[in-house]
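Undergrad: These protein sequence lines are chains A and B, in that order. Taking the numbering used here, the leading residue of the first sequence gets 148, the next gets one more, and so forth. Taking the numbering used here, the leading residue of the second sequence gets 101, the next gets one more, and so forth.
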Amino acid sequence: MLPSAEEAAQALRDIAAIKARAAGFQDYHAESGQLLLWGAAYFSGFTLTALFPGNILLVWILVVVAALVVGTGLARHTNPDIPGIAWRYLTLIASILLFCIMMNLVMWPLPAEQSAMIAPLFVATLYIIRGVQLRPRYLLIGLVLGVLSTVGFLFFQPIFWWWMALACGGTLMLSGLWLRQL
Amino acid sequence: MQTPDEIIHQPVRLKIMAALNTLSSGQWLEFVVLRSIVDTTDGNLGAHLATLEASDYVRIKKDFAGKKPRTRVNLSPKGREAFARYVAALHAILTPQNVAPEPSGS
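1) Against chain A, with Cβ distances strictly below 7 Å, would Ser176(B) count as a contact?
2) So Asp105(B) and Arg185(B) are in contact, right, with Cβ under 8 Å, and what is the actual spacing, rounded?
3) What span of residues does the alpha helix (DSSP H) with Pro169(B) cover, start to end?
4) Does DSSP classify Phe164(B) as helix, strand or coil?
5) Cutting at 8 Å between CB atoms, please list the residues of its own chain near Ser151(A), excluding the five before and the five after it.
6) So, does the CB of Ser125(B) fall closer than 7 Å to a CB anywhere in chain A?
7) 7 Å is my cut-off, CB to CB: does Thr141(B) come that close to chain A?
8) Please confirm whether Asp228(A) has its beta-carbon closer than 7 Å to some beta-carbon of chain B.
9) If distances are taken between C-alpha atoms only, which option among Gly180(A), Leu182(A), Asp174(A) and Ile165(A) comes closest to Ile137(B)?
10) What three-state label does DSSP hand Arg159(B) in the structure shown?
11) Determine, for Ile243(A), whether the minimum Cβ-Cβ distance to residues of chain B falls below 7 Å.
12) Are the CB atoms of Ser179(A) and Leu326(A) within a distance shorter than 7 Å?
13) Got a sec, what are the start and stop residues for the alpha helix (DSSP H) Cys247(A) sits in?
14) Helix, strand or coil for Leu129(B) per DSSP?
15) For a test of the three-state rule: what should DSSP assign to Asp139(B), helix, strand or coil?
16) Closer than 8 Å by beta-carbon distance: list the chain B residues that pair up with Phe172(A), in chain order.
17) So, is Met254(A) buried or exposed, given that buried needs 16 or more other C-beta atoms within 10 angstroms?
18) Taking C-beta pairs closer than 9 Å, name the residues in chain B that Ala222(A) reaches, listed in chain order.
19) Could you list which residues in chain A have their beta carbon closer than 7 Å to that of Lys168(B), in chain order?
20) Can you give me the start and stop residues for the alpha helix (DSSP H) that Asp161(A) sits inside?
21) Given this structure, state the Cα-to-Cα distance separating Ala119(B) from Pro227(A), to the nearest angstrom.
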């Protein structure tokens, strides 16, 4: 029997809703790998900074380059159907790095602890914006990252690098695992 | 006018087909992910997948991810065509010449 116009319209609405829901799951899944990777990178970077405070620049250059190489491969693997995904990914990360470098230049000289706050707060803001516009879990990730990083800067200066390893790296890694929970 | 596919028309099967149709032809969706997207129980999803598999609309693959058993589902080319026809049939129903006008004077 032929469905009525109302039934047909309802079926098309159901299809659109499922399409959006499926896109959300796929987006969360793709993002989870990057969160785990950059969480591990932040954790390693801040831990090494705590252990070797005289080699901050070298530590972060090595960590960022390693994360970029792995992240680009991960982006290609997770989104094989998106044309130019590697370039898009590299442009995104480069813009975040450029922002951090520019902030350092503009505000130079600034202590290492202040400098270390720029990237986490910028990333937290990006996730909050993404969460408001697209998917709610990103909003919570951004809020937790921003709040924990700020709390560490304001109240835990004596253990700042260790705090950031857990607050920043830990938050991102746990967020990555959370996005895999359906 | 073409009658929409009765196999797909059932609400849960429609959701399954719509979810699988978002993937490219070579991609497989894990059973647990599909269950979350469709928002149904294991038993219900399994029963409807069996119906779709019997019609060659979906393919089901069971393997192991490490030591964990894993079931994955994929939309077959026949299923993709059937879903496209189904959506076209729904749109056809909604074209102005096929929608009955509202009774006037009510």
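All C-beta atoms, glycine included, are put in the ideal place defined by N, C-alpha and C.
TA: Reading from the atomic positions:
1) No, no contact with chain A.
2) 7 Å
3) Careful: Pro169(B) lies outside any alpha helix (DSSP H), inside the beta strand (DSSP E) at Lys168 to Leu175.
4) In this structure, Phe164(B) counts as strand in the three-state DSSP scheme.
5) None.
6) no
7) no
8) Chain B has a Cβ within less than 7 Å of the Cβ of Asp228(A).
9) Ile165(A)
10) strand
11) no
12) yes
13) Per DSSP, the unbroken alpha helix (DSSP H) holding Cys247(A) starts and ends at Ile232 to Met254.
14) strand
15) Three-state result, Asp139(B): coil.
16) Val133, Ser136 and Ile137
17) exposed
18) Those do not exist, as Ala222(A) stays about 16 Å from chain B at its closest Cβ, beyond 9 Å.
19) The contacting residues do not exist; Lys168(B) stays about 14 Å from chain A at best.
20) DSSP places Asp161(A) inside the alpha helix (DSSP H), whose first and last residues are Ala152 to Leu198.
21) 19 Å
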